[in-house]
Structure formats: structure tokens, C-alpha cells
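Residue numbers (my numbering): 29 to 242.
Using N, Cα and C, we set each Cβ at its ideal position, and we do this for glycine too.
And the structure:
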């Protein structure tokens with residue numbers, strides 16, 4: 029079973045409010061409505077199922093009587109071996125997640141300047157940062173750079189299907205990744221990809237940056 033805390037991107041020591049906040053952010057990010065008529069719609073649904081199951085598992089565990097003193101055994105069961113980094117690390121992670129969500133929304137709406145500015149404020153170049161930067165480059169028509177960033181994201185988080193899907197689309201040079209052109213409608217495959225790219229994804233893959241992954 030996948031570690032539910034890892035799925036939600038929180039520490040096993042996170043309080044209920046932090047867990048609820050992380051859950052809501054992921055729901056907004058991967059909600060199926062964001063991927064309607066999108067090639068990543070099925071992946072988004074799978075991701076939502078995984079998120080809901082993780083949230084339910086955590087709530088069930090805590091309702092059963094787990095307290096902070098018993099989280100050690102829970103962490104061991106899911107493979108945790110190191111001390112939690114603390115409140116500061118949780119706050120930094122939450123801040124980055126909020127910025128990433130805004131970046132996805134900006135890319136999805138075509139506000140590339142804002143997406144670029146937000147990404148420049150993030151100091152840690154993690155897998156999500158590379159994925160979103162790849163999505164931004166794609167939307168700008170910089171396909172070589174987009175592919176490079178997507179591959180970097182996959183290398184850093186090889187288990188993320190959203191990242192792998194984006195890199196795969198670029199390699200296949202499919203129609204889903206053709207740069208948008210003036211006059212194209214929302215029904216065009218390109219537009220579909222756009223949503224993908226930002227969605228959460230922020231990439232056409234992201235289709236919102238996600239999937240299985242996600």
C-alpha cells in the first residue's frame with residue numbers, strides 16, 4: 029500500500045488542519061472537471077481516486093486512536109526512517125505547493141508572464157518545478173527546452189505518471205503537443221493539451237501536470 033502521507037505530500041507528524049489543507053489543494057489541482065475532454069482525463073480520475081483513498085486512510089487511522097506518540101510505528105510501516113524536519117519544513121512545503129498551484133492556473137489561462145515570475149521565486153528546483161517549467165517552455169514554443177525540463181522531472185520523480193506522460197508526448201511529437209496558434213478553438217487538440225499543461229499540470233501533460241501520478 030502506498031504511504032497515504034506521501035500521496036498527500038505531508039509529514040506523518042502533520043496536524044489535522046495541515047492534512048486537510050493539503051487534501052483540498054490536491055483536489056483543486058486534479059479535479060476531473062479541470063480535465064474535461066482532455067487526453068489526461070483518465071489519469072486525473074485515477075489520481076483523484078488515489079488522493080481520496082489516502083485521505084480516508086489517514087482519517088481512519090487517526091480516528092482509530094493514533095496519537096503523535098504512535099506515529100513512529102505508522103511511519104515505520106510505511107518506510108519512514110528519519111526524524112521529521114519540523115514545522116518550518118512543513119510551512120516551506122505548503123508555500124511551494126501554493127505557488128505551484130498558482131503557476132498551473134496561470135499557464136492554463138495563458139498568463140505565461142505570471143507563471144514565469146512565480147517559478148523564479150522558488151529556490152528549490154524539485155521535480156514539480158522542472159515539470160512546470162517544461163510546461164511553460166512548451167506553451168512558449170520552446171520544445172527542446174520543454175523536453176529537457178520534462179526529462180529532468182522524470183529523473184527526479186520517476187514514479188510520477190504525469191511527468192512521464194509529458195515527456196512521452198514530447199518524444200512522440202504527437203499532435204497534443206503542437207504549439208497553440210492564433211485562431212484555434214477550445215475544441216482543438218492543442219487547446220486540450222494546454223489545459224493539460226497547466227492543470228495542474230501545467231503542461232499539456234499536466235494537462236494539467238499529473239497523473240497516475242501524479
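State yes or no: is the C-beta of residue i within less than 8 Å of the C-beta of residue j?
i           : j           : result
residue 158 : residue 181 : yes
residue 51  : residue 79  : yes
residue 86  : residue 33  : yes
residue 140 : residue 164 : yes
Quick one: measure Cβ to Cβ for residue i and residue j, integer angstroms, because I've assumed they're closer than 8 Å.
i           : j           : result
residue 71  : residue 151 : Their Cβ separation, rounded to whole angstroms, is 29 Å, which puts residue 71 and residue 151 out of contact at 8 Å.
residue 155 : residue 191 : 6 Å
residue 125 : residue 53  : 6 Å
So is residue i buried or exposed if we call it buried at 16+ other beta carbons inside 10 Å?
i           : result
residue 39  : buried
residue 75  : buried
residue 132 : buried
residue 136 : buried
Can you list, in chain order, the residues of its chain with a C-beta nearer than 8 Å to that of residue i? Leave out the 5 residues immediately preceding and following it.
i           : result
residue 175 : 162, 195, 198 and 199
residue 146 : 127, 130, 131 and 134
residue 184 : 154, 155 and 158
residue 211 : The predicted position of residue 211 is uncertain, since its pLDDT is 44 and thus under 50; a value taken from the coordinates is nonetheless stated next. None.
Please return the same chain residues whose Cβ sits closer than 7 Å to the Cβ of residue i, not counting the five positions on each side in sequence.
i          : result
residue 83 : 36 and 51
residue 47 : 36, 38 and 86
residue 95 : Reliability fails at residue 95, whose pLDDT of 41 lies under 50, so the model's placement of it is uncertain and the value that follows must be treated cautiously. Cβ within range, chain order: n/a, list empty.
residue 73 : 60
Legend entry - Cβ pair count under 8 Å reaching 3, the segment 58-75 against the segment 83-94: no
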